[in-house]
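To start, the structure itself, in structure tokens.
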């Protein structure tokens with residue numbers, strides 16, 4: 308006989324969505340601010356492409372997941 312299907316549940320509790328959204332968006336904004344400060348204060352000869360790419364990727368990941376949890380906490384399930 309076939310087993311009854313288990314409902315799909317989130318690995319993160321629903322009550323943690325607002326906290327995670329605020330935390331991840333704050334971290335993403337801080338990393339973005341450090342990226343802009345780095346770009347504004349360093350000369351073109353002293354810039355490192357690797358540092359720019361890593362900082363941009365980290366900021367993008369945190370802002371992306373922060374936006375996702377913000378949407379989930381407001382009831383927009385994507």
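Numbering (our numbering), first residue to last: 308 to 385. Idealized CB from N, CA, C, for every residue including glycine. None of the values given here were measured: they were computed from a predicted structure.
Just the C-alpha distance for residue 346 and residue 372, rounded to the nearest angstrom, thanks.
Distance between the alpha carbons of residue 346 and residue 372: 24 Å.
In this structure, does DSSP put residue 324 in helix, strand or coil?
In the structure shown, residue 324 sits in a helix (DSSP, three-state: H, G or I).
Is residue 332 closer than 8 Å to residue 370 when the C-beta atoms are compared?
It is a contact, given that the beta carbons lie within the stated cut-off.
Whose C-beta lies closer than 6 Å to the C-beta of residue 327 among residues of the same chain, with five residues either side of it excluded?
Closer than 6 Å at the Cβ level, and outside the excluded window around residue 327, lie 376.
Decide yes or no for the touch test of the stretch 351–365 against the stretch 316–327: beta carbon pairs closer than 8 Å, at least 3 of them.
Judged by Cβ distances under 8 Å, the stretch 351–365 makes no contact with the stretch 316–327, as fewer than three pairs qualify.
Taking all protein chains shown into account, decide if residue 366 is buried (16 or more other Cβ within 10 angstroms of its Cβ) or exposed.
By the 10 Å Cβ count, residue 366 comes out buried.
Using a Cβ-Cβ cutoff of less than 8 Å, which residues in the same chain neighbour residue 341 once the five nearest sequence positions on both sides are dropped?
Here the set comprises 362.
Compare the C-alpha of residue 380 against each of 364, 348, 322 and name the closest.
The shortest C-alpha separation from residue 380 is found at 322.
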